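Below: the structure, in structure tokens.
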Amino acid sequence: SQQGEEDPQALSIQEGENATMNCSYKTSINNLQWYRQNSGRGLVHLILIRSNEREKHSGRLRVTLDTSKKSSSLLITASRAADTASYFCATDRTQGGSEKLVFGKGTKLTVNP
Amino acid sequence: EPEVTQTPSHQVTQMGQEVILRCVPISNHLYFYWYRQILGQKVEFLVSFYNNEISEKSEIFDDQFSVERPDGSNFTLKIRSTKLEDSAMYFCASRFELQGIAKNIQYFGAGTRLSVL
Numbered sequence: 011s012q013q014g015e016e017d018p019q020a021l022s023i024q025e026g027e028n029a030t031m032n033c034s035y036k037t038s039i040n041n042l043q044w045y046r047q048n049s050g051r052g053l054v055h056l057i058l059i060r061s062n063e064r065e066k067h068s069g070r071l072r073v074t075l076d077t078s079k080k081s082s083s084l085l086i087t088a089s090r091a092a093d094t095a096s097y098f099c100a101t102d103r104t105q106g107g108s109e110k111l112v113f114g115k116g117t118k119l120t121v122n123p
Numbered sequence: 019e020p021e022v023t024q025t026p027s028h029q030v031t032q033m034g035q036e037v038i039l040r041c042v043p044i045s046n047h048l049y050f051y052w053y054r055q056i057l058g059q060k061v062e063f064l065v066s067f068y069n070n071e072i073s074e075k076s077e078i079f080d081d082q083f084s085v086e087r088p089d090g091s092n093f094t095l096k097i098r099s100t101k102l103e104d105s106a107m108y109f110c111a112s113r114f115e116l117q118g119i120a121k122n123i124q125y126f127g128a129g130t131r132l133s134v135l
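Quick note, the sequences are listed as chains A and B, same order. Going by my numbering, 106 is the number at position 96 of the first sequence; the sequence numbering is gapless. Going by my numbering, 31 is the number at position 13 of the second sequence; the sequence numbering is gapless.
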């Protein structure tokens, strides 16, 4: 089954605006994380929210998790041109200690100066 | 700050050739992973490795793939006979599990872009 489907697929905003990205998943999870990927580069961990948490903040990032709807959102406030990147949600479930991450297709965010 | 390093950054090979992708995970990490990302698609799990053995592998990770931790620092992914469809970005990741704390933050390398011609 597919996990971590983000929407929108692409988002273009002006510097200073807020950017909201959503992620849905299908199965029960332990954690949901958001990662960022600059073009052609590796994945950088942004924030992790556990299944028993509803909201988490880190700097300009705010993540919410609704396990009843199996969805999460990532809000970036006061966006900057440097926030331009692809953002992926990733979920994990305990499976014999492997805890592989299952990624969505990502949202490509463009912040215009 | 410690980081996961991968070499080479770009590998070009002919179909049917063997390739070895190398990774140096963060030194005190215990769990190691390989993922791949075909251009324009999602990041897909290939294999996880713990305590010198594979703990889980995906359907993609068939007999053509193998992993090894030959010494205390390197973690390698070998593809025995590359196919055109193996062209992708391959990411290595590692994590450190703190006893009693259920976190699964995986730290990724910058990736190796594999081009099979």
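In this text, a Cβ means the ideal position worked out from N, Cα and C, and glycines have one as well. On a predicted model such as this, the values are computed, not experimentally measured, just so you know.
Measure from the C-beta of residue i to each C-beta in chain B and report whether the shortest distance is under 8 angstroms.
i              : result
H55 (chain A)  : yes
N40 (chain A)  : yes
S11 (chain A)  : Here the model assigns S11 (chain A) a pLDDT of 34, short of 50, so the residue's position is not dependable and the matter cannot be decided.
S108 (chain A) : yes
K115 (chain A) : yes
V73 (chain A)  : no
R51 (chain A)  : yes
L58 (chain A)  : yes
L119 (chain A) : no
From the DSSP output, which residues share a beta bridge with residue i?
i              : result
D76 (chain A)  : A:S81
A29 (chain A)  : A:I86
Y45 (chain A)  : A:H55 and A:F98
Q125 (chain B) : The sequence shown places Tyr at residue 125 (chain B), not Gln. Note: Y125 (chain B) sits in a beta bridge opposite B:S112.
I97 (chain B)  : B:V37 and B:F83
S34 (chain A)  : A:E15 and A:S81
If residue i sits next to residue j, beta carbons under 8 angstroms apart, how far is it from one beta carbon to the other, in whole angstroms?
i             : j              : result
V30 (chain B) : L102 (chain B) : No, V30 (chain B) and L102 (chain B) are not in contact; Cβ-Cβ is about 13 angstroms, not under 8 angstroms.
E74 (chain B) : S66 (chain B)  : 5 angstroms
Q19 (chain A) : K80 (chain A)  : Not confirmed; about 19 angstroms, so no contact.
T94 (chain B) : L48 (chain B)  : Not quite, the Cβ-Cβ distance comes to about 17 angstroms (not below 8 angstroms), so this is no contact.
S34 (chain A) : E15 (chain A)  : 5 angstroms
L75 (chain A) : I59 (chain A)  : 5 angstroms
R51 (chain A) : A128 (chain B) : 6 angstroms
S89 (chain A) : N28 (chain A)  : 7 angstroms
V3 (chain A)  : F50 (chain B)  : Nothing about residue 3 (chain A) can be read from this structure; chain A reaches only from 11 to 123.
I97 (chain B) : E36 (chain B)  : 7 angstroms
Quick one: give me the first and last residue of the beta strand (DSSP E) that residue i is part of.
i              : result
S133 (chain B) : T130 to V134
D17 (chain A)  : E15 to D17
S108 (chain A) : S108 (chain A) -> no beta strand (DSSP E), and no H or E assigned at all.
K66 (chain A)  : E65 to S68
V22 (chain B)  : Here V22 (chain B) belongs to no beta strand (DSSP E), and DSSP marks it neither H nor E.
F109 (chain B) : A106 to R113
L21 (chain A)  : A20 to Q24
N122 (chain A) : T117 to N122
L39 (chain B)  : V37 to V42
Please tell me whether residue i has its Cβ less than 8 angstroms away from any Cβ of chain A.
i              : result
N134 (chain B) : Contrary to the premise, residue 134 (chain B) reads as Val rather than Asn in this sequence. Output row for V134 (chain B): interface = no.
A128 (chain B) : yes
E71 (chain B)  : no
F109 (chain B) : yes
M33 (chain B)  : no
A106 (chain B) : no
Y112 (chain B) : Checking the sequence shown, residue 112 (chain B) turns out to be Ser, not Tyr. Judged by the 8 angstroms Cβ criterion, S112 (chain B) is not in contact with chain A.
N92 (chain B)  : no
S84 (chain B)  : no
V61 (chain B)  : yes
E103 (chain B) : no
(request) Only counting runs of 3 or more residues, tell me where the beta strand (DSSP E) segments fall wholly within the segment 46-92 of chain B, in order along the chain. (result) Runs found: 49-55, 61-68, 71-75 and 83-86.
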